[in-house]
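Residue numbers (the numbering used here): 83 to 457. This report refers to the structure that appears directly beneath it.
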Amino acid sequence: MLINKDSLSIYVHIPFCVRKCLYCDFLSFNCDKRAIDDYFVALLTEVKEKSADFRNLQVKSIFFGGGTPSYVDAEHICDTLKCTRENFNVADDAEISIECNPASAIYDKLQAYREAGINRISIGAQSLNDEELARIGRAHNADMFRETFENARRAGFDNINVDIMSALPGQSMDSYMETLSKVVNLNPEHISAYSLIVEEGTPFYDMELDFPDEEEDRRMYHETKRFLSEHGYHRYEISNYSRDGYECYHNKVYWKRGNYLGLGLGASSMVDNIRWKNTEEFNEYLSHESNKKELHSLTKSECMEEFMFLGLRLTSGVCCSDFKAEFGQDIDEVYGKIIEKYIAEGLLIKDGDNLFLSDEGMDVSNTVMADFLLD
Ligand code: SF4
Numbered sequence: 083m084l085i086n087k088d089s090l091s092i093y094v095h096i097p098f099c100v101r102k103c104l105y106c107d108f109l110s111f112n113c114d115k116r117a118i119d120d121y122f123v124a125l126l127t128e129v130k131e132k133s134a135d136f137r138n139l140q141v142k143s144i145f146f147g148g149g150t151p152s153y154v155d156a157e158h159i160c161d162t163l164k165c166t167r168e169n170f171n172v173a174d175d176a177e178i179s180i181e182c183n184p185a186s187a188i189y190d191k192l193q194a195y196r197e198a199g200i201n202r203i204s205i206g207a208q209s210l211n212d213e214e215l216a217r218i219g220r221a222h223n224a225d226m227f228r229e230t231f232e233n234a235r236r237a238g239f240d241n242i243n244v245d246i247m248s249a250l251p252g253q254s255m256d257s258y259m260e261t262l263s264k265v266v267n268l269n270p271e272h273i274s275a276y277s278l279i280v281e282e283g284t285p286f287y288d289m290e291l292d293f294p295d296e297e298e299d300r301r302m303y304h305e306t307k308r309f310l311s312e313h314g315y316h317r318y319e320i321s322n323y324s325r326d327g328y329e330c331y332h333n334k335v336y337w338k339r340g341n342y343l344g345l346g347l348g349a350s351s352m353v354d355n356i357r358w359k360n361t362e363e364f365n366e367y368l369s370h371e372s373n374k375k376e377l378h379s380l381t382k383s384e385c386m387e388e389f390m391f392l393g394l395r396l397t398s399g400v401c402c403s404d405f406k407a408e409f410g411q412d413i414d415e416v417y418g419k420i421i422e423k424y425i426a427e428g429l430l431i432k433d434g435d436n437l438f439l440s441d442e443g444m445d446v447s448n449t450v451m452a453d454f455l456l457d
């Protein structure tokens, strides 16, 4: 997929959740109804204000993420989408996604999303084992997930992603595979399978927990690929799998360094190699004081680094002629030695114009990618 630099993707951050999961380090919290209403007033103001700078770009995808977008009244989401359409140049066939959690995504909301034109839904299942879900502090159980999935189909969604997690405390290989198998039986178009990473500052960081060891974690990762490819899902990114034709356009924009505009609290943007981030202070956001902080124009070296380590996340890898077109230099001139080294070690593969990580390379992707940092 070619990402057109004359297009734009929009991310809308909804920072509210029913309660905080024990492993969560996303910008999210619980709030009363009044604060949520105030947030959407500020968000619509931001949509209108920012649109003036981007009318020349066609919007190819919109993603409502969080937090839990399905936690708030559907009206808020539908009004935000309507306002975005009125103010930006949104393509008729734009991919419009929303993240939902089973505890809050009731049928009426799903139906309202569909009617408003949202055409992709991402459901945070994480596990279909109730004990594992309780241990990580999720607000739903496996039955609630199944009901949400069925309701999404009934509401007309024919592009559904399910998020699952491995390496959870107390999780065995068998219970992980049971989750994977039950998810596949529902036949979603897309599956994201991430391994839990315990971040500093989360409750999990200070807890004594029984996590699968590194070897077990690796086995889960390998089994995910094997099992999903046997069931017709191809891996197109380190942790993302899809049926043919259902790769997520929006996420590929991030990995291919297309233009994206983040709206809402703490949302990040990158347009024409300039990065900025909205304030993370709720009251500051509500007062519209500072929605364009930390403006940073990326240097050529930073752009090259990102081109490599984001592009190598994709199984299709990076395209050498795209590198030359973007930076005016051959990829070998900049990275020749590193590329040669990893090809010799069997971690990178060069096939025609494409350079990508082998399966072994994907296993140690962090180490390989770190080598693409320039001094
Ligand atoms: S639902 Fe997601 S964003 Fe909300 S607390 Fe849990 S992990 Fe964090």
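Every residue gets a Cβ at the ideal spot worked out from N, C-alpha and C, and that includes glycine. Keep in mind the model is a prediction, meaning the values are calculated, not measured.
Does the separation of the CB atoms of residue i and residue j fall below 7 Å?
i, j, result
"residue 399", "residue 455", "no"
"residue 178", "residue 147", "no"
"residue 129", "residue 166", "yes"
"residue 217", "residue 251", "yes"
"residue 444", "residue 246", "no"
"residue 274", "residue 248", "no"
"residue 343", "residue 394", "no"
"residue 413", "residue 402", "yes"
"residue 89", "residue 125", "no"
"residue 268", "residue 231", "yes"
"residue 385", "residue 355", "yes"
"residue 424", "residue 446", "no"
"residue 429", "residue 415", "no"
"residue 332", "residue 91", "yes"
"residue 318", "residue 305", "no"
Measuring CA to CA, which of the options is closest to residue i?
i, options, result
"residue 337", "390, 226 and 418", "390"
"residue 204", "259, 272 and 214", "272"
"residue 260", "156, 212 and 457", "212"
"residue 348", "363, 356 and 342", "363"
"residue 109", "95, 420, 403 and 189", "95"
"residue 417", "378, 121, 457 and 447", "457"
"residue 201", "164, 144, 223 and 246", "144"
"residue 191", "411, 102 and 233", "233"
"residue 408", "91, 339, 282 and 449", "339"
"residue 325", "333, 311 and 334", "311"
"residue 156", "327, 133, 193 and 120", "193"
"residue 141", "287, 422, 350 and 335", "335"
"residue 222", "114, 99, 107 and 295", "99"
"residue 243", "265, 224 and 236", "265"
"residue 195", "215, 209, 168 and 236", "236"
"residue 93", "360, 368, 366 and 427", "360"
"residue 539", "181, 189, 197 and 396", "The structure shown does not extend to residue 539, since the chain is modelled only from 83 through 457, so no value can be given for it."
"residue 315", "270, 287, 396 and 280", "270"
"residue 435", "448, 420, 410 and 406", "406"
"residue 307", "432, 397 and 283", "397"
"residue 158", "170, 176, 294 and 119", "119"
Tell me which residue opens and which closes the beta strand (DSSP E) that residue i is part of.
i, result
"residue 411", "It is not in any beta strand (DSSP E) - residue 411 carries neither H nor E in the DSSP assignment."
"residue 41", "No information on residue 41 is available, as it lies outside the stretch 83 to 457 that the chain covers here."
"residue 142", "140-148"
"residue 292", "Where residue 292 is concerned, there is no enclosing beta strand (DSSP E), given that its DSSP letter is neither H nor E."
"residue 357", "356-359"
"residue 54", "Because the chain spans 83 through 457 in this model, residue 54 falls outside it and cannot be assessed."
"residue 462", "Here the chain comprises residues numbered 83 to 457, so residue 462 is not present and cannot be evaluated."
"residue 432", "430-433"
"residue 235", "No beta strand (DSSP E) holds residue 235; the alpha helix (DSSP H) holding it covers 224-236."
"residue 133", "Here residue 133 belongs to no beta strand (DSSP E); instead the alpha helix (DSSP H) covers 115-133."
"residue 341", "Taken as a continuous stretch (DSSP letters only), residue 341 belongs to no beta strand (DSSP E), as it is neither H nor E."
"residue 448", "Segment 447-452 is the alpha helix (DSSP H) holding residue 448; no beta strand (DSSP E) there."
"residue 276", "272-277"
Would you say residue i faces chain B, with C-beta separation under 7 Å as the test?
i, result
"residue 222", "Note that chain B does not occur in the displayed structure, where there is just one protein chain."
Using the rule of at least 16 other Cβ atoms within 10 Å of the residue's Cβ for burial, across every protein chain shown, is residue i buried or exposed?
i, result
"residue 172", "buried"
"residue 285", "exposed"
"residue 322", "buried"
"residue 134", "exposed"
"residue 475", "With the chain covering 83 to 457 only, the question about residue 475 has no answer from this structure."
"residue 137", "exposed"
"residue 452", "exposed"
"residue 209", "buried"
"residue 112", "exposed"
"residue 422", "exposed"
"residue 38", "Missing from the structure shown is residue 38; the chain here goes from 83 to 457 and no further."
"residue 291", "exposed"
"residue 207", "buried"
"residue 327", "exposed"
Indicate, with yes or no, if ligand 2 has a heavy atom lying under 6 Å from the CB of residue i.
i, result
"residue 179", "In the structure on display, ligand 2 does not appear, and the ligands it does have are ligand 1."
Between which two residues does the alpha helix (DSSP H) holding residue i run?
i, result
"residue 202", "From DSSP, residue 202 is part of no alpha helix (DSSP H) but of the beta strand (DSSP E) over 202-208."
"residue 366", "364-368"
"residue 96", "It is not in any alpha helix (DSSP H) - residue 96 instead sits in the beta strand (DSSP E) that spans 89-96."
"residue 158", "156-169"
"residue 196", "189-198"
"residue 216", "212-217"
| task | Please confirm if the stretch 146-166 is in contact with the stretch 180-200, defined as three or more CB-CB distances below 8 Å between the two stretches. | result | yes
| field | Contact the stretch 250-258 vs the stretch 301-309: 3+ CB pairs below 8 Å | value | yes
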